[in-house]
Ligand code: GLA
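In this note's numbering, the protein residues as written are 917 to 1646.
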């Protein structure tokens, strides 16, 4: 690992664990150009990788063709308005209303450690774990500085990037685009993966070729969204799990984003990522600074699997924080699918009583405990306990739950306001809306203007009062609608375009306050299921509800797509009742347990009402969770088969970091007629070690398991799952 500057060659060379990234300065003009990103290389004469000595040469040699040069050169941080007609990162409107910017080298510094990004989520690392380059570029006419920040890690092949933009002029300017990163990759022949979805079917893996033109995915919904995800992988066409060059890009941000790969005219592919410019402008007053959120770039020379494992390690070690970072989470039971809004203390206690006797460790009371909320038409914003439902108040309920030996958790949706609420009657201007226009409702609610400090303070204090009233050890923070009708009553007209980003900064500030005030709290983010399952939220909550779809078969694709980037320890996954409430499918209780084992594990059903044989299986599942969770949470994840592709079965494996054990989960989704048993090849084992299958007691070398494979248990019927646990015996 390390970052070096070679003065004679004017080259910055960034080496992460397995990848190198090279930036070079153009001699006379002092533009910063991208020279190389890929497999780790030595330091020997890397400058020639920057494509300079070809027509139209640099402006100092051929001023006549400056536009041609600008439209060809691999700018490290391309700017709009001076002839680079590809996607650019920065667009600045100056005091004349015109937009042009051109950046040249000003200064740089290289230091151990990694700076925090004020007000934003970001990966972190100590001085011994990472090194940072700050490369400051400037536009001398605009008097605008842009500091590009890069960090490499000792234990990971990721490189992170962000940018700080500072207005040193005497006039205010407007940023109308401020992306976080750009990389120009050599060649055109790439494919792209993005994670597409919808409510209840988030993050399905979508793969397609990148041809000429722009291949853009984005969100303008005010959340990273169910539909598209702030991640793309750009890869060579032969790429599979184990082979191929992959560049993965993930945005550490939860609001509007764009991610784009652009096949350009001279056989290069430009990849950019950042805040979505469609819903963004920012007035940068004199002396002010704007910080572009972080992008994590992961290079893999060995397929998608290696990329995934780098992301998992980075996020487990350098993004997730707090008491539960490396800890097993309590097995919870959530009453949402059990009761919806129809519950009271007595009902919750009957669930808790039964659950605790089966080994479940925490009761989570979901939506419906406050104001007059007996359906989803009312009361968001009135965060006072409904004593008709909870006689004796919250403390009484929590104390009773605690007496059963269980922890207690609670649901909030702090960013929202119901038109039918006391809060709205008192402060209609606190909702996001545009004067003279009736804002569009969604789930019959509006979004609070969280960009405003007085709104944040008010709502946060209500939440805090509830949390201080009793022994609450878990919070589910929900957010159930996208942002529309973008208007803030607190912002002047020329700052209205800042609302979406200011909103996000407000949410981050509230969550930071929450985890500081309640350091022992387990926070789970949620957004109508998984609309805000992203790296930004992971900085505040070690787990996020993956999807409102709890069907075991639907979950295979959702969880596999989510685990493309995010570690299993972060995926909220529950066993629910059948027929499943979203798709009406019935699957065996055992299979539901095996599928939920891939995540944080819990239940979302009325345990007093489910079939007795299912209930009888819970203690077994609880034991299974306790036995395997350390491995699942901390191990290396390998995809073996993807049901979305083969339409027959799904399989993944988790291998302990020291290769001492491996757990394989296999779900036979549809049983084929006249089918001989299935053989699968494992991955990541120690070839010369001997492993024992804990069930069958058969012994195999790692070599045999990986190169020849192992027979899966035979199955009969659809939706049948099995675990295979291999333990190293010598
Ligand atoms: C969202 C969440 C659910 C549940 C409901 C409550 O849809 O994803 O888990 O909490 O809200 O209204």
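For every residue, glycine included, the Cβ atom is placed at its ideal position computed from N, Cα and C.
| Check | Outcome |
| --- | --- |
| Straight-line gap, residue 941 to residue 1021 (C-alpha atoms, nearest Å) | 8 Å |
| Residue 857 CB to nearest heavy atom of ligand 1 below 7 Å | Since the first and last residues shown for the chain are 917 and 1646, residue 857 lies out of range. |
| Secondary structure of residue 1443, DSSP reduced to three states | strand |
| Neighbourhood of residue 1491 by C-beta distance below 6 Å, restricted to the same chain and skipping five residues each side | 1508, 1509, 1512, 1519 |
| Residue interval of the alpha helix (DSSP H) (run including residue 1511) | 1505-1512 |
| Nonlocal neighbours in the same chain, by C-beta distance under 6 Å from residue 1223, ignoring five residues either side | 1162, 1164, 1214, 1216 |
| Spatial distance of residue 1340 from residue 1364 (CA atoms) | 10 Å |
| Cα-Cα separation, residue 938 to residue 926 | 11 Å |
| Residue interval of the alpha helix (DSSP H) (run including residue 931) | Careful: residue 931 lies outside any alpha helix (DSSP H), inside the beta strand (DSSP E) at 927-931. |
| Rounded distance between the beta-carbons of residue 963 and residue 948, thought under 8 Å | Wrong, their Cβ atoms sit about 13 Å apart, outside the cutoff. |
| Minimum C-alpha distance to residue 924 - residue among 1468, 1128, 943, 1141 | 943 |
| Alpha-carbon to alpha-carbon, residue 1040 and residue 1031 | 8 Å |
| Short Cβ contact (8 Å threshold) for residue 1523 with residue 1271 | yes |
| Residue 1185 - partner residues in DSSP beta bridges | 1101, 1179 |
| Closer than 7 Å: residue 1396 CB and nearest ligand 1 heavy atom | yes |
| Which of helix, strand or coil DSSP assigns to residue 1640 | strand |
| Residue 1626 - DSSP class collapsed to helix/strand/coil | strand |
| Beta-carbon separation (whole angstroms), residue 1372 vs residue 1366, contact threshold 8 Å | 6 Å |
| Length of the line joining the Cα atoms of residue 1560 and residue 1473 | 6 Å |
| Cβ-Cβ separation, residue 1174 to residue 1106 (assumed contact under 8 Å), whole Å | The Cβ separation is near 18 Å, so there is no contact. |
| Alpha helix (DSSP H) runs wholly inside the region 981-1056, at least 4 long, in chain order | 982-986 |
| Cβ-heavy atom distance, residue 1282 to ligand 1, below 7 Å | yes |
| Any non-hydrogen atom of ligand 1 within 7 Å of residue 1518 CB | no |
| Any non-hydrogen atom of ligand 1 closer than 7 Å to residue 1198 Cβ | no |
| Integer Cβ distance of residue 1515 from residue 1554, believed to fall under 8 Å | No, residue 1515 and residue 1554 are not in contact; Cβ-Cβ is about 17 Å, not under 8 Å. |
| Other residues of its chain near residue 1400: CB distance less than 6 Å, five sequence neighbours each side excluded | 1356 |
| Secondary structure of residue 1452, DSSP reduced to three states | helix |
| Residue 1522: CB within 7 Å of a non-hydrogen atom of ligand 1 | no |
| Distance CB(residue 1080)-CB(residue 1065) smaller than 8 Å | yes |
| Where residue 1397 falls: helix, strand or coil (DSSP) | coil |
| Which listed residue (1336, 1616, 1288) has its alpha carbon closest to that of residue 1258 | 1288 |
| Residue 971 - containing alpha helix (DSSP H), residue span | No alpha helix (DSSP H) contains residue 971, which DSSP labels as neither H nor E. |
| CA-to-CA distance, residue 1457 to residue 1071, given in whole angstroms | 23 Å |
| Buried or exposed (CB count within 10 angstroms, at least 16 for buried), residue 960 | exposed |
| Nearest-angstrom Cα separation, counted from residue 1133 out to residue 1211 | 15 Å |
| Simplified DSSP state of residue 1547, which is helix, strand or coil | helix |
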